[in-house]
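Visitor: For the record, the sequence lines run as chains A and B.
Residue numbers for the first sequence follow UniProt numbering, so the first one is 1 and each next one is one higher.
Residue numbers for the second sequence follow UniProt numbering, so the first one is 1 and each next one is one higher.
Backbone N, C-alpha and C define an ideal beta-carbon position, used for all residues, glycine too.
There are 2 protein chains.
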Amino acid sequence: MTGLGLRRVPSLSRREHVAEILREAITSGRLKPGDRLVELDLAAELGTSRAPIREALRQLEQEGLVASYPYRGSEVLGVSQDEVEQVLVPIRITLERFAFGKALDKLGHADLDALQVLVDDMLVAARSGEAERLADLDIGFHELVITRSEQRHCLQMWKTIQPRVRAYFRRDAPAHSDPAEVARQHQELLDVIRSGDRDAVLDAVKRHIHIHLAPPRGAESGDVA
Amino acid sequence: MTGLGLRRVPSLSRREHVAEILREAITSGRLKPGDRLVELDLAAELGTSRAPIREALRQLEQEGLVASYPYRGSEVLGVSQDEVEQVLVPIRITLERFAFGKALDKLGHADLDALQVLVDDMLVAARSGEAERLADLDIGFHELVITRSEQRHCLQMWKTIQPRVRAYFRRDAPAHSDPAEVARQHQELLDVIRSGDRDAVLDAVKRHIHIHLAPPRGAESGDVA
DNA sequence: CGACGGACGATTGTCGACAGTCGCTCATAT
DNA sequence: ATATGAGCGACTGTCGACAATCGTCCGTCG
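Printed below as a string of structure tokens:
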């Protein structure tokens, strides 16, 4: 009975709530790679039974944040730089190019305004040094467009890989770019979207993600090894 | 009580078993897009309780084969041609290029022999018209290499998208290429792997998947719309 | 005759209990 | 002292029951 931070909100299933909490704890670094996840402990902590916990763990497993071994429990996973740069970033580009292309015709004025608000907020967050909030806004920007694309498989895959990317950058990557620059990049992208030039958008998305996630570190080339 | 096709095999958890059965039913087309999945029915059918069923459904949901709506159940999803060609294929290429690159140094003689056996079997399957078996061998070939790459995130993502690709081709795509050609393509790829030339392998993988999954249908280009 | 609203059936979400498995400890024998 | 293996906790896997929710059917009222 308890309910430690758990609200009686009916709009969000318990499982979704649990997954959210755990995902946040992992991507934020509060739970580190190698940490063990004991179902009973988590259930007690979140004031629920093990059933929702187990289902949430299955989901996090598919997201690559957690690994489970039969009868031996689950642990938090790490993410390698190679994986992020050579796999996750290209996949994100593929997904977003497809989604942005599909979304172009469907973005209305209200959507463009909402995107502009997000960008404006980014600037505010950047100035006041709220890194967490900046990251949330960044994610919100992309997620809004992908949602508008009405490609649910695409959105779902994006949500699947996103937490891993975020976990990597929050845990292992040093602050990699000027916060204000992040806001500026999104403004640029939004401007291109407004132009309606499909090819330009696809190209901008590619550059945007590359710049944003994998800033040039010098000339690395012999990476696959 | 019963146990309709359910073995007391302890090596495979019930959940994994359920997921396997459902995945097969969906990719084979026995369950069609729009079909409803009722937990209690599935549980009865598979001689188990709802718990493993639910966890399996969560997994299939992440794989994009089914969708669930709170308090309203789950249904089988369809896969569009656009999604396969513009999203799943590029993602598969990204994943496999990365994995094959990583696996190159780790493939021993035994592995190469195993791959050769698979290719030989493909030829047999192709000749006797066993399409199912041919597809299984195809998947086995790629999965073996990816497993050897020892990139578990990569393997897991591959397993996540693979069922969708298979479902699409089994359901909606007409027999798209000569069975014998499939075997030949893999022989070629294996030969390049044997050569050890990394760049050649990466290039071969790209071509292999493109050819195999998206045979030229003429000149389509205005697709994003 | 059509709109509204409560009751019902079907199905999902959650819970607590029990069974099975794993790793470790500790007594025993060599 | 070391190897062995039975016993024991701690935990996960599974089950059956109960609570919550949705869609629909049907009776009532305008």
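Name the residues in the region 156 to 167 of chain B whose C-beta lies less than 9 Å from a C-beta of chain A; which are they?
Guide: Q156, M157, T160, I161 and R164
Visitor: Out of B:V66, B:V89 and B:Q59, point me to the one whose CA is closest to B:R207's CA.
Guide: The sequence position of residue 207 of chain B within the second sequence is 207, counting from 1. The shortest Cα separation from B:R207 among B:V66, B:V89 and B:Q59 belongs to B:V89.
Visitor: Check whether the Cβ of B:I146 lies closer than 7 Å to any Cβ atom in chain A.
Guide: Within the second sequence, the letter at position 146 stands for residue 146 of chain B. Residue contact check for B:I146 against chain A: no CB pair falls below 7 Å.
Visitor: So with Cβ pairs under 7 Å, would you call B:S13 a contact of chain A?
Guide: Sequence index remark: in the second sequence, residue 13 of chain B carries index 13 (1-based). Contact with chain A is found for B:S13, since one of that chain's Cβ atoms lies less than 7 Å from the residue's Cβ.
Visitor: Three-state secondary structure (DSSP) at B:Y168?
Guide: The residue given as residue 168 of chain B occupies position 168 in the second sequence. When secondary structure is reduced to three states using DSSP, B:Y168 falls in the helix class.
Visitor: Please tell me whether B:P179 and B:L134 are closer than 7 Å, where the distance is taken between their beta carbons.
Guide: The residue given as residue 179 of chain B occupies position 179 in the second sequence. The residue given as residue 134 of chain B occupies position 134 in the second sequence. Cβ atoms of B:P179 and B:L134: closer than 7 Å.
Visitor: Any C-beta of chain A within less than 9 Å: which residues of the region 30 to 56 of chain B qualify?
Guide: A51, R54, E55 and A56
Visitor: For residue 236 of chain B, which of helix, strand or coil comes out of DSSP?
Guide: Nothing can be reported for residue 236 of chain B, as the shown portion of chain B is limited to 1 through 225.
Visitor: May I have the straight-line CA-CA distance separating B:L4 from A:R97, to the nearest angstrom?
Guide: Residue mapping note: residue 4 of chain B aligns to position 4 of the second sequence, counting from 1. Residue mapping note: residue 97 of chain A aligns to position 97 of the first sequence, counting from 1. Because B:L4 carries a pLDDT of 31, less than 50, the predicted location of this residue cannot be relied on, and the following value inherits that uncertainty. For B:L4 and A:R97, the distance between alpha carbons rounds to 46 Å.
Visitor: Would you kindly work out how many angstroms separate the C-alpha atoms of A:E83 and A:F169, rounded to a whole number?
Guide: Along the first sequence, one-based indexing puts residue 83 of chain A at 83. Along the first sequence, one-based indexing puts residue 169 of chain A at 169. The C-alpha of A:E83 lies about 12 Å from the C-alpha of A:F169.
Visitor: For B:L46, name the three-state secondary structure that DSSP assigns.
Guide: Residue mapping note: residue 46 of chain B aligns to position 46 of the second sequence, counting from 1. B:L46 falls in the helix class under three-state DSSP.
Visitor: Taking only three categories from DSSP, how would you classify B:R92?
Guide: Taking the first residue of the second sequence as position 1, residue 92 of chain B is located at position 92. Looking at B:R92 - three-state DSSP - the assignment turns out to be helix.
Visitor: According to DSSP, is B:V63 part of a helix, a strand, or is it coil?
Guide: As a working note, residue 63 of chain B is residue 63 in the second sequence. Inspection of the sequence shows that residue 63 of chain B is occupied by Glu rather than by Val. If DSSP states are grouped into helix, strand and coil, B:E63 belongs with coil.
Visitor: Taking Cβ positions only, does A:H153 come closer than 7 Å to chain B?
Guide: Here residue 153 of chain A refers to the residue found at position 153 of the first sequence. For A:H153, the nearest CB of chain B lies under 7 Å from its own CB, placing it at the interface with that chain.
Visitor: Determine whether the Cβ of B:T94 lies closer than 7 Å to any Cβ atom of chain A.
Guide: By one-based count along the second sequence, residue 94 of chain B stands at place 94. Cβ-Cβ to chain A under 7 Å: yes for B:T94.
Visitor: Let me confirm a value: A:V145 is counted as buried when at least 16 other C-beta atoms fall within 10 Å, else exposed. Which label applies?
Guide: Counting from one through the first sequence, the residue named residue 145 of chain A turns up at place 145. The Cβ neighbour count for A:V145, taken over all protein chains shown within 10 Å, is at least 16; the residue is labelled buried.
Visitor: Comparing alpha-carbon positions, which option in A:V38, A:K106, A:A131 and A:I26 lies nearest A:Y71?
Guide: Translated into the one-based positions of the first sequence, residue 71 of chain A becomes position 71. Of the listed residues, the one whose Cα sits closest to A:Y71 is A:V38.
Visitor: With A:E188 as the anchor, note down where its alpha helix (DSSP H) starts and where it stops.
Guide: The count along the first sequence starts at 1 and reaches residue 188 of chain A at position 188. Element bounds for A:E188: P179 to S195.
Visitor: In three-state DSSP terms, what is B:E150?
Guide: Translated into the one-based positions of the second sequence, residue 150 of chain B becomes position 150. Here B:E150 sits in coil by DSSP.
Visitor: For the region 179 to 195 of chain A, which residues have a CB atom closer than 7 Å to at least one CB atom of chain B, in sequence order?
Guide: none
Visitor: Applying the criterion that 16 or more other CB atoms from any shown protein chain within 10 Å of the CB defines a buried residue, is B:R148 buried or exposed?
Guide: Taking the first residue of the second sequence as 1, we reach residue 148 of chain B at position 148. When all chains shown are included, B:R148 counts as buried.
Visitor: Is the Cβ-Cβ distance between A:A19 and A:Q59 less than 7 Å?
Guide: As a position in the first sequence, residue 19 of chain A is number 19, starting the count at 1. As a position in the first sequence, residue 59 of chain A is number 59, starting the count at 1. Cβ distance < 7 Å, so A:A19 and A:Q59 count as in contact.
Visitor: Answer yes or no: does any C-beta atom of chain B fall closer than 7 Å to that of A:V87?
Guide: The residue you call residue 87 of chain A lines up with position 87 of the first sequence. Closer than 7 Å to the CB of A:V87 there is at least one CB belonging to chain B.
Visitor: According to DSSP, is A:L57 part of a helix, a strand, or is it coil?
Guide: What you label residue 57 of chain A is simply residue 57 of the first sequence in a count that begins at 1. Looking at A:L57 - three-state DSSP - the assignment turns out to be helix.
Visitor: Where does A:E119 sit, in a helix, a strand or coil, going by DSSP?
Guide: Along the first sequence, read from residue 1 onward, the residue named residue 119 of chain A stands at position 119. Looking at the sequence shown, residue 119 of chain A is not Glu but Val. Looking at A:V119 - three-state DSSP - the assignment turns out to be helix.
Visitor: How far does the beta strand (DSSP E) with residue 258 of chain B in it extend, from its first residue to its last?
Guide: The structure shown does not extend to residue 258 of chain B, since chain B is modelled only from 1 to 225, so the question has no answer here.
Visitor: Identify the continuous alpha helix (DSSP H) that holds B:A173 and give its terminal residues.
Guide: The residue labelled residue 173 of chain B in the question sits at position 173 within the second sequence. From DSSP, B:A173 is part of no alpha helix (DSSP H); its letter is neither H nor E.
Visitor: Start and end of the alpha helix (DSSP H) containing B:S28?
Guide: Numbered from its first residue, the second sequence carries residue 28 of chain B at position 28. Looking at the DSSP string, the run of the alpha helix (DSSP H) that includes B:S28 is R14 to S28.
Visitor: What does the alpha-carbon distance come out to for the pair A:A204 and A:V165?
Guide: Within the first sequence, numbered from 1, the residue matching residue 204 of chain A stands at position 204. Within the first sequence, numbered from 1, the residue matching residue 165 of chain A stands at position 165. Cα-Cα distance, rounded: 20 Å.
Visitor: From the DSSP output, in three-state form, read off B:L155 for me.
Guide: Here residue 155 of chain B refers to the residue found at position 155 when the second sequence is read from its first residue. Helix, per DSSP.
Visitor: Below 7 Å on C-beta distance, what does B:R58 contact in chain A?
Guide: The count along the second sequence starts at 1 and reaches residue 58 of chain B at position 58. Neighbours of B:R58 on chain A, chain order: E55, R58 and Q59.
Visitor: DSSP three-state call for B:L37: helix, strand or coil?
Guide: As a position in the second sequence, residue 37 of chain B is number 37, starting the count at 1. If DSSP states are grouped into helix, strand and coil, B:L37 belongs with the strands.
Visitor: Near B:W158, which residues of its chain fall below 6 Å by C-beta distance, leaving aside the five closest residues on each side in sequence?
Guide: Taking the second sequence and counting its residues from 1, one reaches residue 158 of chain B at position 158. Within the same chain, B:W158 has close Cβ partners L95 and I146.
Visitor: With a cut-off of 7 Å, does the C-beta of A:Q62 fall near any C-beta of chain B?
Guide: Along the first sequence, read from residue 1 onward, the residue named residue 62 of chain A stands at position 62. Chain B, which has a Cβ nearer than 7 Å to the Cβ of A:Q62, makes this yes.
Visitor: Which residue wins for smallest C-alpha separation from B:H212, given the options B:I193, B:H186, B:D191 and B:V192?
Guide: Against the second sequence, residue 212 of chain B aligns to sequence position 212. When each option's Cα is compared against that of B:H212, the closest is B:H186.
Visitor: Comparing the C-beta of A:E132 with each C-beta of chain B, is any distance below 7 Å?
Guide: Start at 1 with the first residue of the first sequence, and residue 132 of chain A comes out as number 132. Chain B, which has no Cβ nearer than 7 Å to the Cβ of A:E132, makes this no.
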